[in-house]
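J.:
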Amino acid sequence: MLILGAIRRAQRIPLRYNAINFQNVAPRNLSSVRQNFRVLGMRFETTGTNTTKTATANTAASPKPQTPRFAYPENLCVYHAGTGRITFLACLKISTLFIFAFFGFVVTPAYLDREGLSPTVLRTTLSAIIPLLFVAYTTSPFVSFIHMRLPPVARQSEDMLRRFARAIPADTELDITTMSFIAKPRVSRVKLSELRPVSRRFGIVNLARDTTAENAARKWYQFRAVGDFNAQGSTATRAPWVWESILNVIQKPRV
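Quick note, my numbering runs 11 ahead of the 1-based positions in the sequence shown.
1. Where do the ends of the alpha helix (DSSP H) carrying Tyr122 lie?
2. Between Val296 and Leu100, what straight-line distance do the alpha-carbon atoms span, to the nearest angstrom?
3. Return the first residue and the last residue of the alpha helix (DSSP H) that Pro142 is part of.
4. Here's the rule I'm using: 16 or more other beta-carbon atoms within 10 Å means buried, otherwise exposed. How should Thr150 be labelled?
5. When DSSP labels each residue in this structure, what does Ile187 get in the three-state scheme?
6. What does Val216 pair with, by DSSP beta-bridge criteria?
7. Tell me the residue span of the beta strand (DSSP E) that contains Val201.
8. Which residue from Thr248, Lys263 and Leu108 puts its Cα closest to that of Ala147?
9. Nearest by alpha-carbon distance to Phe175: which of Phe234, Trp254 and Ile110 is it?
10. Can you tell me whether Ile157 is buried or exposed? The criterion is at least 16 other CB atoms within 10 Å of its CB, across all chains shown.
11. Measure the alpha-carbon distance for Ile187 versus Gly93 and round it to whole angstroms.
12. Applying the criterion that 16 or more other CB atoms from any shown protein chain within 10 Å of the CB defines a buried residue, is Val132 buried or exposed?
13. Could you give the residue range of the beta strand (DSSP E) that holds Leu87?
14. What would DSSP say about Ser155, mapped onto helix, strand or coil?
15. Excluding the 5 residues preceding and the 5 following Ala247 in the sequence, name in chain order all residues of the same chain whose CB lies nearer than 7 Å to its CB.
16. Between which two residues does the alpha helix (DSSP H) containing Phe111 stretch?
17. Need the endpoints of the alpha helix (DSSP H) that Gln167 sits in, please.
18. Tell me which same chain residues have a C-beta within less than 8 Å of the C-beta of Pro196, skipping the five on either side of it?
19. Consult DSSP for Arg174 and reduce its assignment to one of helix, strand or coil.
20. Would you kindly work out how many angstroms separate the C-alpha atoms of Leu137 and Asp239, rounded to a whole number?
21. Given a threshold of 16 other Cβ atoms within 10 Å of its Cβ, counted over all protein chains shown, does Lys263 qualify as buried or as exposed?
22. Given Pro152, which residues of its chain have a CB within under 8 Å of its CB, disregarding the five upstream and five downstream residues?
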């Protein structure tokens with residue numbers, strides 16, 4: 012019995028030793044694998060960080076295209092009639108429309124139903140029509156704004172704009188803003204060579220252009236082109252001398 016017990020103990024010892032060795036070796040192998048993954052991760056992070064830094068450096072190094080800065084806008088306001096005059100004229104047009112609607116569609120039909128065709132009906136009808144026609148005739152040429160289209164060279168500085176104003180080309184475009192029948196802005200694009208100094212409508216109109224060709228190209232239901240302008244007394248504060256140069260060019264005798 013003693014001999015059999017010793018043999019069994021001798022067989023168990025190697026098994027325990029192997030189990031102990033396996034327990035000791037396994038963590039070491041796992042730690043080495045983990046270390047390999049960590050090294051690979053660090054390399055990947057380093058490579059990604061370097062790539063990002065390189066891209067950022069290249070972006071910062073590449074110069075961005077700078078937009079040129081101009082001292083004046085492309086459409087320079089060379090004429091301004093004044094806020095007070097524009098507001099008063101707009102209110103006058105709208106008030107005249109209300110007067111026409113009141114006398115034409117309220118007062119006149121009431122007298123017509125009561126008296127028939129009578130002098131009172133005639134007076135109320137004229138009270139509706141005459142103010143409307145008078146205001147439309149006298150205020151339609153009124154110019155609110157005039158904008159001149161500048162080339163890039165003239166927009167750089169005041170000195171360059173003054174040089175351009177001394178010899179304005181004849182094909183320079185002007186956007187002339189007037190008021191419609193209902194006080195709505197109307198923009199007429201004309202060339203400087205098309206304008207002529209005139210004196211019409213009791214001195215109200217001082218500038219005019221020929222609109223025959225433009226009206227011929229329009230449909231019958233479209234409004235006629237504006238040919239008479241009243242541009243007097245500019246209140247423009249920015250480069251007011253440009254409008255004076257434009258008037259000098261217009262008033263020069265042409266062959």
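C-beta: ideal position from N, C-alpha, C; glycine also.
T.: Per the coordinate set shown:
1. Stepping through the sequence shown from its first residue, residue 122 is reached at position 111. Here the alpha helix (DSSP H) through Tyr122 covers Thr119 to Glu126.
2. Residue 296 is absent from the model: the chain starts at 12 and stops at 266.
3. Taking the first residue of the sequence shown as 1, we reach residue 142 at position 131. That run of the alpha helix (DSSP H) goes Pro130 to Thr150.
4. On the sequence shown, position 139 is the one that residue 150 refers to. The residue is buried, with at least 16 neighbouring Cβ atoms inside 10 Å.
5. Mapped onto the sequence shown, residue 187 falls at position 176. Three-state result, Ile187: strand.
6. If you number the sequence shown from 1, residue 216 lands on position 205. For Val216, which the question treats as bridged, DSSP gives the partners Arg211.
7. In the sequence shown, counting from the first residue as 1, residue 201 sits at position 190. Start and end: Pro196 to Lys202.
8. Locating residue 147 in the sequence shown gives position 136, where the first residue counts as 1. Considering only Thr248, Lys263 and Leu108, the residue with the shortest C-alpha distance to Ala147 is Leu108.
9. Against the sequence shown, residue 175 aligns to sequence position 164. When each option's Cα is compared against that of Phe175, the closest is Trp254.
10. For the purposes of this step, residue 157 is identified with residue 146 of the sequence shown, where counting begins at 1. Looking at its Cβ environment, which holds 16 or more other Cβ atoms inside 10 Å, Ile157 is buried.
11. In the sequence shown, residue 187 corresponds to position 176, counting from 1. In the sequence shown, residue 93 corresponds to position 82, counting from 1. For Ile187 and Gly93, the distance between alpha carbons rounds to 15 Å.
12. Your numbering for residue 132 matches position 121 in the sequence shown. It counts as buried.
13. As a first step, residue 87 must be located in the sequence shown, where it is residue number 76. Asn86 to His91 is the extent of the beta strand (DSSP E) around Leu87.
14. Sequence index remark: in the sequence shown, residue 155 carries index 144 (1-based). In the structure shown, Ser155 sits in a strand (DSSP, three-state: E or B).
15. The residue labelled residue 247 in the question sits at position 236 within the sequence shown. Setting aside the 5 residues that flank it on each side, Ala247 is surrounded in the same chain by Cys88, Val89, Tyr90, His91 and Trp254, each with a C-beta closer than 7 Å to its C-beta; the list follows chain order.
16. Translated into positions along the sequence shown, residue 111 becomes position 100. Taken as a continuous stretch (DSSP letters only), the alpha helix (DSSP H) holding Phe111 covers Thr94 to Phe113.
17. By one-based count along the sequence shown, residue 167 stands at place 156. Where Gln167 is concerned, there is no enclosing alpha helix (DSSP H), given that its DSSP letter is neither H nor E.
18. Translated into positions along the sequence shown, residue 196 becomes position 185. Annotation for Pro196: Ser155, Thr188, Thr189 and Met190 place their beta carbon closer than 8 Å to its own, counting only its chain and skipping 5 residues before and after.
19. To locate residue 174, count along the sequence shown from 1; it is residue 163. Of the three classes helix, strand and coil, the one that applies to Arg174 here is helix, per DSSP.
20. In the sequence shown, residue 137 corresponds to position 126, counting from 1. In the sequence shown, residue 239 corresponds to position 228, counting from 1. A straight line joining the alpha-carbon of Leu137 with that of Asp239 spans about 27 Å.
21. For the purposes of this step, residue 263 is identified with residue 252 of the sequence shown, where counting begins at 1. So Lys263 counts as exposed.
22. In the sequence shown, counting from the first residue as 1, residue 152 sits at position 141. Answer for Pro152: Thr189, Arg212, Ile215, Val216, Val237, Asp239, Phe240 and Asn241, listed in chain order.
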